[in-house]
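So the number in my numbering is just where the residue sits in the sequence shown, counting from 1, plus 498.
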Amino acid sequence: TTALILPTKGRSEKDIKDGKERLVTTENSMGRVRASKGILKPASNELMSEPEIIAGIANAYFKGKHVLNWKKLGANYELIRFKIDQVARGFKNTELRANGVGYYLPNNARERDFSKLPNGKAKITVNPLPEHILEKDEFILMTIRSHDQFNTTIYGMDDRYRGIYNERRVLFMNPEDMNRFGLEKEEIVDLSSNYDGILRMAHQFKIVPYDIPRQNLAAYFPETNPLVPYNHFADRSRTPISKSVKVRIEKLG
Numbered sequence: 499t500t501a502l503i504l505p506t507k508g509r510s511e512k513d514i515k516d517g518k519e520r521l522v523t524t525e526n527s528m529g530r531v532r533a534s535k536g537i538l539k540p541a542s543n544e545l546m547s548e549p550e551i552i553a554g555i556a557n558a559y560f561k562g563k564h565v566l567n568w569k570k571l572g573a574n575y576e577l578i579r580f581k582i583d584q585v586a587r588g589f590k591n592t593e594l595r596a597n598g599v600g601y602y603l604p605n606n607a608r609e610r611d612f613s614k615l616p617n618g619k620a621k622i623t624v625n626p627l628p629e630h631i632l633e634k635d636e637f638i639l640m641t642i643r644s645h646d647q648f649n650t651t652i653y654g655m656d657d658r659y660r661g662i663y664n665e666r667r668v669l670f671m672n673p674e675d676m677n678r679f680g681l682e683k684e685e686i687v688d689l690s691s692n693y694d695g696i697l698r699m700a701h702q703f704k705i706v707p708y709d710i711p712r713q714n715l716a717a718y719f720p721e722t723n724p725l726v727p728y729n730h731f732a733d734r735s736r737t738p739i740s741k742s743v744k745v746r747i748e749k750l751g
């Protein structure tokens, strides 16, 4: 498997095309859509934006013979917003409405509008937890973000809510599991996963005792991405199993 890691402009950097400043629009955790623009000088004049890269790949793949004009979409973000308005529920006049404080997408639960449900009431469901059959030395690893991180963009080395400062290669572990495996606080270990006979490794993690269920671990991504198999997915969402990776702890020395 080959992964391409491409350099790109960050949202904190200015994005200027043909003398015109370009803005992206984002949706935050509360469902609010608003414009976002950078103020910093790009790290390189040769950097492309994420929309330009994706549109460029699509244009090259379809050889310019697709129903969408990918080249224009990569150059003009307004066209992208217009296309989203045409197909996505709740997106309307985004080009204008995203300025300033932006606007909220429809959310029936937030607005307490359950009129479209049977009897006009919310339905509470109980979902069984998936069963993971583990060997005695196996754990379930969930990959997580730190406070100083937005998706895979790392702005700082701290995670103040979890008490972590100036470090990212940490492994959150239940203290009882630490005792059972003879591991010490801040001991350095490696992690391994094995899916379909393929051994994957991630090295040099510092153990941090934490209030986490036994036989569960947590660590930051992308540092732990090498452990995630590319061909295993969640049952319904079909996303990678980044929150439930079977791993082993490999002691050093």
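Virtual Cβ for every residue (Gly too), placed ideally from N, Cα, C.
When R667, L669, E748, R660 are compared, the shortest CA-CA separation from S691 is found for E748. Only residues of its own chain outside the window of five on either side were considered, and among them I638 have a CB closer than 6 Å to the CB of N714, listed in chain order. Of the residues assessed, Y728 falls on the exposed side of the cut-off, its CB having fewer than 16 other CB atoms within 10 angstroms. Judged by DSSP in its simplified three-state form, P626 adopts coil rather than helix or strand.
DSSP assignment within the segment 591-616 yields the following whole alpha helix (DSSP H) runs of 4 residues or more, N-terminal first: 592-595.
Taken through DSSP and simplified to helix, strand or coil, P724 comes out as helix. When the alpha-carbon of F731 is set against those of S742, K683, T523, N591, the nearest one is in S742. Rounded to whole angstroms, the separation of the alpha carbons of R666 and D709 is 18 Å.
A residue is called buried once 16 or more other Cβ atoms fall within 10 Å of its Cβ, and R579 is buried on that count. For D688, the enclosing beta strand (DSSP E) covers residues 686-693.
Cβ-Cβ distances below 6 Å link P673 to P707 in the same chain, with the five nearest sequence neighbours on each side left out; the list follows chain order. G572 counts as buried, since at least 16 other C-beta atoms from the protein chains shown sit within 10 angstroms of its C-beta.
If you draw a straight line from the Cα of L750 to the Cα of G654, it comes to about 28 Å.
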